[in-house]
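Report on one structure; see the data block that follows.
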Amino acid sequence: MDEKWSKSEKKIARKAYNAAYRRECDAIIAKVQQMASEMETPKDLWQLDDYLYEQRRDTDEKYDYRYSVLLVTFSSLLNEGWLTFEDLDGLSEAKLTHLRDMVRFYEQIIQ
67 MDEKWSKSEK KIARKAYNAA YRRECDAIIA KVQQMASEME TPKDLWQLDD YLYEQRRDTD
127 EKYDYRYSVL LVTFSSLLNE GWLTFEDLDG LSEAKLTHLR DMVRFYEQII Q
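If you read the sequence shown in the numbering used here, its first letter stands for residue 67, the second for the next number, and so on.
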């Protein structure tokens, strides 16, 4: 797999990466708002803190923009629904094929 990224592919990748990150953060924000609105006890407060800690750790591990691992990052984001192939329109056919193969592989593992 050719890991070289053209200038236009880098722009597409950055835009897609940022969109996925924003989508996931928006979902986290919505969950935090729900949890905060239902908060009644100190235990609820600490559960919110635990949730935020876990989400921060997960997103920090998941979102890796190094070009050497970006296709793995994208395949994970595609699999989780934070990214679509439409977001990646304009990447080389080789990269898109590789991503499709990786997504199918993940789907087989999950089933």
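Note that the Cβ used here is the ideal one computed from N, Cα and C, for glycine as well.
Quick one, which of ARG123, LEU136, GLU146 and TYR119 has its alpha-carbon nearest ASN162's?
Checking the displayed sequence, the identity of residue 162 turns out to be Leu instead of Asn. Nearest option by C-alpha distance: LEU136.
To which residues of the same chain is ILE176 closer than 7 Å at the C-beta, ignoring the five residues directly before and after it?
none
Can you tell which of MET101, ASP130, TYR129 and THR107 has its C-alpha closest to the C-alpha of TYR117?
MET101
Please give me, in chain order, every unbroken run of the alpha helix (DSSP H) with length at least 4 that falls completely inside the segment 67–140.
73–103 and 108–128
SER142 in three-state terms, based on DSSP
helix
Residue range of the alpha helix (DSSP H) that GLU173 falls in?
159–176
Go ahead and pull the three-state DSSP assignment for LEU149.
coil
Cβ distance (whole Å) where SER74 is taken to contact GLY156 below 8 Å
6 Å
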